[in-house]
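Structure record follows, encoded as structure tokens.
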Amino acid sequence: MIFILLVYSLVSSAAVAQTDEEPASADTIFSNLENSLFQIRIMEEKSGSQVALGSGFLVAGNRVATNYHVVSFVVLEPDKYRIEIDLQDLKQSLSVLTVDVVNDLALLTFDSPPDDLPAIFRLAERIPKKGEVLYSLGNPHDLGMTIVAGNYNGLVDNKFLDRIHFSGAINSGMSGGPSVNRRSEVVGINVASAGNQVGFLVPVTALERLLTRSDSLPEDYDVRLDMGRQIGTVTDAMMDSILAGEWKREEMGEAVILGEVVDWFDCWGNSDFDKETRTLEIARGCNNADNIFVSDQFNTGFFEYEFYYLESEDWLSPAFYRQWRTSTAGARPGNNAGEDDVGNYTCVDRILETRNPDNDKTLRRRASYCVRPYKQLKGLYDVFFMGATLDQKNRAVMDHFTMSGVTQSAAERFLARFVEVVAWRDKEVMP
Amino acid sequence: MAIVVQLINRAGAVIATQKFDKDHIVLGRALDCDVILQDPHVEARHMAVEVDAASQRLSGRDLSTLNGTWRMEQNPRGVPGRRKTRFFDSPFFSGQVFELGRTHIRICSAVHQVAPAMPMSRWESLGHALAHWWIYSLLVVLLIVLQIWDSYLSNPESNKLSQYALSALYPILAAVAYAGLWGFIGKNIRHDAKFPTHLSAALGAVLAVSAFEYIAPYWAFQFGLWQWQGTITALFSAITVFALGVVTLSMATHLAGMVRTAVALVVPVVLLIPTLLGVLGQPDFQPLPPYDRSMVEPVMQFRAVTDADEFLEAADQLYVEFHEDSASTSGEKK
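One line per chain: the protein sequences are A and B, in this order.
Sequence positions in the first sequence follow the working numbering and run 1 to 431.
Sequence positions in the second sequence follow the working numbering and run 432 to 765.
Written out as structure tokens, the structure reads:
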């Protein structure tokens with residue numbers, strides 16, 4: 001904390017005006033901050049054309065803060081892309097200093113720092129009150145620098161990663177721009193929009209931490225190795241939270257499954273009884289809404305588990321299992337990844353028998369566990385589990401999970417616990 | 432001293448043979464001719480043929496006809512080709528094929544050499560066995576039962592049984608059409624339709640392919656071969672079609688050896704092309720996990736059952752392989 005304060009004391013002398021005085025209006029705020037706000041252009045080297053646009057702003061140490069997703073092209077393919085901004089009508093080239101891929105932040109440095117840089121943005125030290133007016137700044141759709149008024153609505157409920165809910169219009173191109181309070185202090189960084197005046201900001205505390213960390217980067221700093229560590233750290237923390245949660249078993253048809261384990265999971269469910277075929281289907285599942293963006297084709301940090309129950313009183317067993325074979329054949333991982341990001345899945349398939357500790361009933365299922373390693377983000381894996389029971393004449397339950405961007409130990413800890421969950425409940429079940 | 436006249440079709444197969452114990456005959460539509468031809472393009476008296484009693488040499492004469500008499504060029508096996516020359520009055524070799532109007536006839540002397548007897552083919556006995564009515568009846572019943580059962584398993588609604596039974600008739604009708612087509616071809620080429628034999632062979636092939644497809648999920652489950660189920664099934668279908676092709680060609684045509692094999696391979700190879708393209712064109716990167724998709728009912732399961740500890744240990748081994756892979760990759764880079 002002392003160190004963080006020290007950073008502020010160093011930068012405060014050059015910070016943008018509007019200190020502890022009267023709250024300013026939007027026009028004053030914009031005119032004060034305009035020069036320290038940039039459109040970030042990602043240029044493709046060979047064609048010399050822009051491939052992505054975003055916004056950024058000047059912060060302590062004459063660094064430019066923006067979103068990781070704005071500069072992800074440059075981070076993943078530094079030989080192919082470069083970063084460019086306009087500063088006082090001159091083009092300036094920048095490089096990526098470090099990133100916080102989990103919170104979608106990046107810090108950039110000037111390749112040749114100009115002498116007369118404008119004033120830096122100040123970071124807010126207090127959390128706004130709900131309803132407080134904020135101003136989001138950025139360059140939407142390449143239309144020019146814009147200021148948008150909106151309200152602070154606290155942190156989004158039930159998410160593992162903190163995001164501020166900003167009720168204002170954040171549009172494409174404003175990513176990486178700051179949202180400031182009426183004292184022109186940065187409260188959050190524009191990151192995403194759900195449309196209809198629902199925007200999301202990364203809390204400024206994440207930027208503070210990144211600024212602090214950026215002062216002590218090692219000589220041989222490798223941004224992609226660091227990204228792997230960051231993702232591994234946060235997915236480990238997610239897994240700790242999941243395993244520490246209450247693993248409450250719930251009934252689904254004749255089976256026992258896992259309910260909602262942590263409050264940052266979104267859970268859903270549905271059922272259907274077909275009167276003609278006299279079949280009962282029940283589906284339930286939970287997933288986290290936290291998705292970590294790595295590239296357009298690659299997202300990670302996504303966790304999900306799902307259960308599906310099928311029962312048909314009238315069908316003959318061969319007919320039931322033909323249907324069951326089709327129902328359980330289409331499972332796919334919950335996250336996207338491309339050939340440059342991950343290797344192929346390798347699976348282990350077994351006929352697995354487990355026992356319900358409550359009633360000693362056994363449950364036999366075809367269990368498959370598949371793993372694919374990350375290529376650039378070393379030490380991380382996507383894991384996929386698929387279980388489908390095959391011991392009852394005409395009822396069955398499927399259990400499935402995807403965990404993306406996890407370390408081996410996190411994945412194995414979860415698997416060991418998950419395989420023991422599904423069981424047949426106490427009602428008499430005819431084999 | 433005799434003249435032999437054979438009526439042949441355009442493939443060179445003999446339709447009828449007549450022998451005349453005299454040294455002079457006339458061919459035409461007139462009822463006093465020796466050989467009476469039912470061809471409106473043939474003159475009443477079209478062609479005269481003579482044989483020299485001493486030398487057995489044949490000679491012929493066109494009797495001033497409207498459409499002419501034509502000497503057909505023949506290959507070494509006596510099959511007439513497309514080229515022909517106008518024939519007026521000259522000697523000819525025994526076995527020469529002539530075109531009179533639209534009719535082809537071969538004229539030989541009595542001393543004409545005939546081909547040696549062909550050995551009885553093993554297909555003959557097979558064809559004979561397959562021709563029993565109870566064989567194709569049994570195959571029809573088995574095929575209908577299998578098709579209805581399979582349709583029911585895919586869509587288990589007992590009120591649709593009559594619909595399933597009707598749809599089961601399609602493969603049977605296809606087999607009947609197949610047997611009819613090859614019976615017609617066989618009738619023309621070998622003068623032997625063998626319709627029941629072709630029908631039994633076609634029904635047998637359809638039944639074999641259907642039965643193999645039906646049992647495929649079972650062996651795929653027991654032996655962990657689900658990834659190869661489609662390829663193996665396609666291969667089996669292709670082999671069955673090839674076998675059916677060989678049997679059919681043997682019974683309906685004169686093709687033999689490599690030629691018969693090559694012709695019989697055409698359809699199976701066409702059937703296998705999509706499978707081969709699928710196997711060869713598989714991309715290196717597979718975004719979906721290749722987890723076991725096979726599944727059969729409990730009474731048909733014979734796979735070993737394991738417990739959670741063994742499963743977790745096997746799962747752990749997956750990472751060992753990745754560590755070894757990455758170690759070897761970094762080793763290569765050095």
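Virtual Cβ for every residue (Gly too), placed ideally from N, Cα, C.
None of these values were measured; they are calculated from a predicted model.
**Request:** Would you list, in chain order, the members of the region 298-323 of chain A that have their beta-carbon closer than 9 Å to a beta-carbon of chain B?
**Result:** S312, D314, W315, L316, S317, P318, A319, F320, Y321, R322, Q323
**Prompt:** Between which two residues does the alpha helix (DSSP H) containing A:R438 stretch?
**Reply:** Outside the displayed range of chain A (1 to 431) lies residue 438 of chain A, so it cannot be described from this structure.
**Prompt:** Where A:V202 and A:K159 are concerned, what is the direct C-alpha to C-alpha distance, given to the nearest angstrom?
**Reply:** 13 Å
**Request:** Determine whether the Cβ of A:F384 lies closer than 9 Å to any Cβ atom of chain B.
**Result:** yes
**Asked** To which residues of the same chain is A:K91 closer than 8 Å at the C-beta, ignoring the five residues directly before and after it?
**Response** E84, I85
**Item:** Proximal residues of chain A, C-beta to C-beta of B:T737 below 8 Å
**Value:** R350, I351, L352, E353
**Item:** Interface residues of chain E facing A:Y345 [CB-CB closer than 9 Å]
**Value:** Protein chains A and B are contained in the structure displayed, whereas chain E is not.
**Request:** Could you confirm whether any beta carbon from chain A is found closer than 9 Å to the beta carbon of B:V730?
**Result:** yes
**Asked** Excluding five sequence neighbours on each side, which residues of the same chain lie with their C-beta closer than 6 Å to the C-beta of A:P140?
**Response** T146, N171, G173, M174
**Request:** Look at the Cβ atom of B:P522, then the Cβ atom of B:G491, and state whether they are nearer than 9 Å.
**Result:** yes
**Prompt:** When the distance is taken between beta carbons, is A:A410 closer than 9 Å to A:M436?
**Reply:** Beyond the ends of chain A as shown, which are 1 and 431, falls residue 436 of chain A; an answer cannot be given.
**Request:** For B:L408, count neighbouring Cβ atoms within 10 angstroms of its own Cβ and tell me buried if that reaches 16, exposed if not.
**Result:** Chain B is shown from 432 up to 765; residue 408 of chain B falls before or after that span and cannot be answered.
**Prompt:** Quick one, which residues of the region 210-230 of chain A are near chain B if we go by CB-CB under 8 Å, in chain order?
**Reply:** none
**Message:** I'd like the list of long-range same chain contacts for A:D111, defined as Cβ closer than 7 Å, with 5 residues on each side in sequence excluded.
**Reply:** S93, L94, S95
**Prompt:** What residues in the region 628-660 of chain B bring their beta carbon closer than 8 Å to a beta carbon of chain A?
**Reply:** P648, G655
**Request:** Label B:A746 either buried or exposed according to how many other C-beta atoms from any shown protein chain fall within 10 Å of its C-beta, with 16 as the threshold for buried.
**Result:** buried
**Message:** So, for A:N270: in the same chain, excluding its five sequence neighbours on each side, which residues have a beta-carbon less than 7 Å away from its beta-carbon?
**Reply:** A283
**Request:** Quick one: give me the first and last residue of the alpha helix (DSSP H) that B:S521 is part of.
**Result:** Counting along the chain, B:S521 falls outside any alpha helix (DSSP H), though it belongs to the beta strand (DSSP E) covering 520-523.
**Message:** Output needed for A:C267: all residues of its chain with C-beta closer than 6 Å, excluding positions within five of it in sequence on either side, in chain order.
**Reply:** E260, C286
**Request:** For the alpha helix (DSSP H) containing A:D91, list its first residue and its last residue.
**Result:** As written in the sequence, residue 91 of chain A is Lys, which differs from the Asp given in the question. It is not in any alpha helix (DSSP H) - A:K91 instead sits in the beta strand (DSSP E) that spans 90-100.
**Prompt:** Should B:Y750 be flagged as near chain A, meaning a C-beta pair shorter than 9 Å?
**Reply:** yes
**Asked** Once you ignore the five residues that flank A:D290 on each side, which residues in its own chain have a CB closer than 7 Å to its CB?
**Response** K159, F160, L161, G301
**Message:** Count Cβ pairs between the region 523-539 of chain B and the region 553-571 of chain B that sit closer than 8 Å; are there 3 or more?
**Reply:** no
**Item:** chain B contact residues for A:K393, given Cβ-Cβ distances below 8 Å
**Value:** E728, P729
**Item:** Buried/exposed call for A:S31, threshold 16 Cβ in 10 Å
**Value:** exposed
**Prompt:** Residues of chain A with a CB under 7 Å from the CB of B:S585: which are they?
**Reply:** R322
**Message:** Going by the DSSP bridge assignment, what does A:S179 pair with across the sheet?
**Reply:** A:S136, A:G188
**Asked** B:I536: which of B:P547, B:Q544, B:A548, B:G509 sits nearest, CA to CA?
**Response** B:G509
**Spatial distance of B:I538 from B:L489 (CA atoms)** = 9 Å
**Request:** Answer yes or no: does any C-beta atom of chain B fall closer than 9 Å to that of A:P128?
**Result:** no
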